Structures are given as structure tokens and as C-alpha cells.
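Read the structure below first, then the notes.
In C-alpha cells:
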């Protein structure tokens with residue numbers, strides 16, 4: 006979960022785990038780095054479906070732990086909420102005389118602390134790798150991270166905070182290669198990222214379970230990676246606003262289920278894509294690591310001809326070796 010206090014409350018009240026999970030997520034979504042974050046008590050009640058008798062003690066625990074503050078505001082007739090010490094409504098100018106004017110009190114939970122994220126805990130062999138574009142789906146990706154780690158899965162999520170001394174691209178690609186389940190949040194700008202495409206290709210090369218979460222507006226599939234439309238995916242719909250309970254349950258069901266027999270094998274397509282990212286001299290070095298290719302010469306051949314030759318001469322028996330030599334260093 007986002008907050009350690011949520012973990013503690015879950016241990017104390019396991020019967021309320023689902024509601025605490027939602028509360029934890031709502032507080033984290035309200036976080037603002039400059040301290041402006043806030044969420045209304047009414048929204049928390051609606052989202053958690055908890056009565057005041059159950060919700061109030063939980064909020065008091067977060068307040069006591071220093072995770073949030075509580076503020077009572079006046080609800081102006083114009084629809085805006087304002088702090089009690091403000092003399093008038095900043096939106097419409099009506100005097101804020103509080104109870105004398107019969108104004109409704111609105112409880113606001115404000116200034117949630119920054120959710121914890123420890124880059125040193127990034128697993129090199131994760132159960133799940135989440136591939137995404139920060140500009141499109143950072144909220145959904147972070148929700149996934151905390152939801153899945155809450156179910157005791159190890160999750161790799163690029164938050165731009167790779168541990169000191171690690172090389173980012175290499176770290177990402179190795180983790181994608183070693184993941185059991187690869188979740189791609191396919192959003193408007195997903196395929197604009199060369200790293201995202203490489204993460205996807207390495208996951209397919211390594212035979213990871215592929216899960217595609219479509220987040221509108223959807224992009225066109227680039228010609229150089231058109232093979233991702235081959236039906237080897239568990240494909241579901243997501244929202245940039247965050248993780249719904251339905252999507253969480255759907256993804257958990259997939260993660261817990263072994264890959265289906267008979268799905269398309271994308272390893273060869275992924276290997277072709279990875280070879281296309283290499284220079285002719287790098288492909289020559291690759292040839293030297295493939296025993297069945299050593300008798301061939303690439304002299305005078307164009308890059309597409311070299312790739313076509315390697316692909317044609319690599320049998321299904323030899324394919325695992327090609328996959329291995331294309332793994333990130």
C-alpha cells in the first residue's frame with residue numbers, strides 16, 4: 006500500500022482490508038508536492054463505503070501518524086468550499102459568517118504526506134513488470150505497484166528513481182526480461198518511447214506472460230512492432246485516473262494463472278525487432294555467437310538482408326539460443 010499506516014491498520018483490522026486499501030489509494034491520489042492536496046470526507050465515505058463509525062477511527066489513525074490533517078470548511082451557496090478564517094467567499098464574494106448564515110460544514114482531509122517509494126527495493130527478477138509512460142498513466146501505474154505489492158508480488162516500476170550506481174536502461178531491460186508477467190499500459194504516447202518498445206520486445210523474447218491494459222485514447226500501432234497485435238495478450242481496459250477494483254481483480258486473476266497453452270509465440274518477432282535496433286557490425290558480432298551461422302559471411306549484405314538470413318537459418322530448435330544472445334548485457 007501507499008502508506009505504512011495502512012499496512013498497520015490492515016494487520017489490526019483484516020476484515021476491513023478492502024476499504025482500507027481504497028482509503029489508502031484515495032489519500033495518495035490527493036497528495037500534492039506543494040501541500041495543496043485535499044479530499045472531502047464525503048468522497049472518502051462514498052469511495053470506501055464505510056459508515057462514520059468505521060471511517061472516523063481510521064482517519065484519526067492517519068492523523069495521529071502525521072499522514073494527513075483534518076479541516077472543517079464552510080460550503081458556500083455558490084458551490085465553493087472555504088476555510089473558516091476567510092471573511093468572504095473568494096469565488097462569489099458572499100460573506101462567510103458560518104453557522105449564523107446556516108452554511109453547511111464540509112470536512113476536508115488535507116495535506117496527505119508523500120507516498121513512500123523505495124527504489125532500492127526494485128527487484129531484478131520481478132513477478133510483475135509494469136511498462137508505461139509517466140506523462141499518460143503515472144497514477145494508474147503507481148496504483149498497480151502498491152496494489153500488487155500488497156498482494157505480496159514483487160513488482161518493478163520505473164519511477165525515475167533507480168538505485169545509485171545502476172544504469173537505468175540496462176536495469177529496466179533486464180527486469181523486463183526476467184519478469185513472469187509483463188503489464189503494458191498502452192496509452193496515447195506509449196509507442197513514442199523507444200525504451201517501452203524495447204521493454205516489450207525483451208519480455209516477449211524471454212517468454213513472459215503479456216498483459217495489455219488499453220488506456221484511451223489509444224495510439225496507432227507502429228509498423229516496426231505490429232506483431233504485438235497477434236493474440237498472445239490478456240487485454241483489458243484501464244483509466245489514467247487510477248486503478249479500479251474490477252481491473253485489479255482481473256489482473257490478479259491473470260497473474261495467478263499460468264500462461265494458456267496454444268497462444269502465439271512472439272519470440273521470433275521480438276528477436277527480429279531487437280536485431281533491427283543493432284548496427285551491421287553488431288549483427289556481425291551476433292553471428293559469431295550463433296554456431297549455425299558461423300559459416301555464413303555478411304560481406305556486401307544490407308542490414309535487412311543480414312536479419313532475414315539470420316531469421317531464415319534459425320530453426321525452432323535454435324531459437325532459444327538466439328533469444329539468449331539478444332538478452333541485455
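Residue numbers (this note's numbering): 6 to 334. Here a beta-carbon is modelled for each residue, glycine too, at the ideal position from N, C-alpha and C. Since the structure is predicted, the reported quantities are computational estimates derived from the model, not experimental observations.
- Chain-order list of residues whose beta-carbon lies under 8 Å from that of residue 327 (same chain, five-residue window excluded): Counting only Cβ-Cβ distances below 8 Å, and skipping sequence neighbours, we find 276, 295, 315 and 319.
- Alpha carbon of residue 27 to alpha carbon of residue 254, nearest angstrom: Computed Cα separation, rounded: 14 Å.
- Helix, strand or coil: how does DSSP classify residue 189 here? In the structure shown, the three-state DSSP call for residue 189 is strand.
- Message: For residue 223, count the other beta carbons within 10 Å of its own beta carbon; 16 or more makes it buried, fewer makes it exposed. Which is it?
- Response: Its Cβ having fewer than 16 others within 10 Å, residue 223 is exposed.
- Task: For residue 239, write down the residues that DSSP places opposite it in a beta bridge.
- Result: For residue 239, the pairing in a beta bridge is given by DSSP as 216.
- Rounded to whole angstroms, what's the CA-CA distance from residue 212 to residue 119? Just pull it up for me. When rounded, the distance between both Cα atoms is 36 Å.
- Message: Taking the alpha carbon of residue 227 as the reference point, which residue from 239, 194, 208 and 19 has its own alpha carbon closest?
- Response: Nearest option by C-alpha distance: 194.
- Task: Could I get the ranges of all uninterrupted beta strand (DSSP E) runs contained in the segment 234 to 313, with 3 residues as the minimum, in chain order?
- Result: Within the segment 234 to 313, the complete beta strand (DSSP E) runs of at least 3 residues are 238 to 242.
- Query: Just checking my contact of residue 50 with residue 60 at CB under 8 Å: how many whole Å lie between their CB atoms?
  - Reply: Cβ atoms of residue 50 and residue 60 come within 8 Å of each other, at about 6 Å.
- Item | Collapsed DSSP secondary structure at residue 14 in the structure displayed | Helix, per DSSP.
- Message: Counting C-beta neighbours from all protein chains within 10 Å, is the total for residue 141 16 or more, i.e. buried, or is it exposed?
- Response: It is buried - the Cβ of residue 141 has at least 16 other Cβ atoms within 10 Å.
- Looking only at DSSP bridge pairs, what is residue 136 linked to? Partner residues in the beta bridge of residue 136, as assigned by DSSP, are 189.
- Message: Buried or exposed for residue 186, going by 16 or more other Cβ atoms inside 10 Å?
- Response: Taking all protein chains shown into account, residue 186 has 16 or more neighbouring C-beta atoms within 10 Å of its C-beta and is therefore buried.
- Query: In chain order, what residues of the same chain lie with their CB nearer than 8 Å to the CB of residue 259, ignoring the 5 residues before and after it?
  - Reply: Around residue 259: 186, 214, 216 and 239.
- Query: In terms of alpha-carbon separation, which member of 317, 304, 6 and 299 lies closest to residue 147?
  - Reply: For the residues 317, 304, 6 and 299, the minimum Cα distance to residue 147 belongs to 6.
- What is the rounded straight-line gap between the Cα of residue 62 and the Cα of residue 56? C-alpha separation (whole angstroms): 11 Å.
- Tell me whether residue 202 is buried or exposed, calling it buried when 16 or more other Cβ atoms sit within 10 Å of its Cβ. Buried, since its Cβ has 16 or more Cβ neighbours within 10 Å.
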